[in-house]
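Input: a single structure, listed below in structure tokens.
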Amino acid sequence: MKLALTYPFISLFPDTKGAKKFEGSDVIYSKGYFYAIADSLWSILSISSSMTLFSEDNSMIGDPFRDADESGYEALFLIDDIFYVVRESIQDLDEDGEYHAIVEELVISEDGTDYTVQSACKSSFGFEGDSKGFEGAVGLKNKDGELFMLGLCEGNHCKEGKKGKERGNGRVVVLHKTTSETDCSWDVIATLSLPSDASFQDYSAISVNEEGRVAVTSQEDSALWTGYLTLDEDGFFDPEIAEFKTDKMFNFPRDDECRMIYCNIEGIHWMGENQVSARSE
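Numbering (our numbering), first residue to last: 1125 to 1405.
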């Protein structure tokens, strides 16, 4: 891949609301704006496609220090004007002590300066710890308009440790939201395997465009795998037929001695047939 444009996040905002650390983790694009998140902050970062430095068109939506802890935000997608933000892996101290992703649904205020948390629902999929959970996610609808979340596990086999580094064993977990009068959760429907050609040590972000073209990145390998997700005949997601097929593999730009430049790619979004937007810490 060839680099077209790059900016540090801190140079884009006229007001950083006291934030000094931007550990970026995902990025999407919609209606002329990039939206990004950072696992160190609670804000949604809104950036005009003009990418003008310190522009008033760029803003941090919401309080970056909403909670004393860091957000753990790792994945972001936008469906029907609702931002779905995934906290990677949070320990459940009230019940089983396991680690689960938390999916927050955020609605932006009319003036665009803040958001409200519409819901925060736990994923039923359990992780081994807080460092290798869902690192990327996308939202896709079936022909009946039902929303499914596809969560990309950071570790191979969705595991930590040595097992999590066994290349070519990437996993994507398909989840569907259920609600009751008192609770909500994202329940596992299926687990899909990435082709072994996506032979990464880790998996850091995923994007799926309207045609089912898939992009998956790796931090450790500073690389991009592209492929296709099988959709139904009308172009909708169907978990019963869904599978990934390989297309190509790319390296992110290297220096003159072929050494990695971007060692922390954590966000990816299709911008066109041969163009992606990526987010690096």
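Note that the Cβ used here is the ideal one computed from N, Cα and C, for glycine as well.
Bear in mind that the values here come from a model prediction, so they are computed numbers and not experimental data.
Residue i and residue j closer than 9 Å at C-beta
| i | j | result |
| --- | --- | --- |
| P1138 | N1182 | yes |
| F1207 | L1230 | yes |
| T1140 | M1184 | yes |
| L1316 | R1291 | no |
| V1262 | S1170 | no |
| A1339 | H1393 | yes |
| E1198 | G1260 | yes |
| S1309 | C1382 | no |
Candidates the options, of which the one nearest residue i by Cα
| i | options | result |
| --- | --- | --- |
| L1264 | I1203, T1176, K1256, D1220 | I1203 |
| E1180 | V1312, Y1223, S1213, G1236 | G1236 |
| H1300 | G1294, P1188, I1214, A1314 | A1314 |
| S1172 | L1200, D1187, V1151 | V1151 |
| L1353 | T1302, L1274, S1323, R1383 | L1274 |
| D1220 | E1252, R1190, A1128, E1357 | E1252 |
| D1356 | W1349, L1348, A1366, A1339 | A1366 |
| K1289 | E1305, K1267, K1256, D1307 | K1256 |
| G1359 | N1333, D1187, K1286 | N1333 |
| M1373 | G1396, S1331, D1321 | D1321 |
| T1130 | F1376, P1319, E1397, E1270 | F1376 |
| E1194 | D1254, D1205, P1363, K1283 | D1254 |
| S1135 | I1168, F1178, W1166, G1156 | F1178 |
| K1369 | K1246, E1305, R1337 | R1337 |
| D1268 | D1379, Y1157, P1363, K1126 | P1363 |
| A1143 | K1155, F1189, P1319 | F1189 |
| E1397 | E1335, F1361, E1405, D1379 | E1335 |
| K1155 | T1176, A1128, L1276, D1205 | D1205 |
| D1307 | E1234, V1297, V1227 | V1227 |
Beta-carbon contacts of residue i that lie in its chain and below 6 Å, excluding the five residues immediately before and after
| i | result |
| --- | --- |
| K1145 | S1164 |
| Q1422 | Nothing about residue 1422 can be read from this structure; the chain reaches only from 1125 to 1405. |
| E1344 | Q1325, D1326 |
| L1200 | D1150, I1152, I1161, V1209 |
| D1371 | T1350, G1351 |
| C1282 | R1295 |
| G1196 | D1163, R1211, E1212 |
| L1318 | G1294, F1368 |
| E1284 | E1252, G1253, K1256 |
| I1214 | I1226 |
DSSP bridge partner residues for residue i (one or two, in chain order)
| i | result |
| --- | --- |
| L1299 | M1273, V1312 |
| C1282 | BP columns for C1282 are empty, so no partner. |
| D1150 | I1161 |
| G1221 | Partner(s): none; G1221 has no beta bridge. |
| Q1215 | Y1223 |
| A1143 | Paired residues: none, contrary to the question. |
| F1207 | L1202, L1230 |
Contacts around residue i, its chain only, beta-carbon distance under 7 Å, and the 5 residues preceding and following it disregarded
| i | result |
| --- | --- |
| G1250 | E1222, Y1223, H1224 |
| G1391 | G1148, S1149, D1150, V1151, A1160, A1329, A1402, R1403 |
| D1311 | S1248, L1299, H1300, T1302 |
| K1126 | P1377 |
| D1379 | I1385 |
| Y1157 | S1170, I1171, S1172, S1173 |
| E1405 | E1147, G1148, N1388, E1390 |
| S1323 | R1291, G1292 |
Residue-level contact to chain D via CB, residue i, 9 Å cutoff
| i | result |
| --- | --- |
| A1199 | Within the model displayed, chain D is absent; a lone protein chain is all it includes. |
Close Cβ partners of residue i (< 8 Å) along its chain, the five nearest in sequence each way excluded
| i | result |
| --- | --- |
| S1174 | D1181 |
| D1187 | K1141, W1166, S1167, D1238 |
| K1287 | G1279, N1280, H1281 |
| L1271 | I1203, G1263, L1264, K1265, H1300, K1301 |
| M1395 | Y1153, S1401 |
| D1216 | E1222, Y1223, H1224, K1246 |
| A1128 | Q1399 |
| D1191 | W1166 |
*Decide if the segment 1208-1216 is in contact with the segment 1391-1401; the criterion is three or more beta carbon pairs, one per stretch, under 8 Å apart.*
Contact between the segment 1208-1216 and the segment 1391-1401 is absent, with fewer than three C-beta pairs closer than 8 Å.
*For the segment 1379-1394 against the segment 1332-1347, are there 3 or more C-beta pairs whose distance is under 8 Å?*
yes
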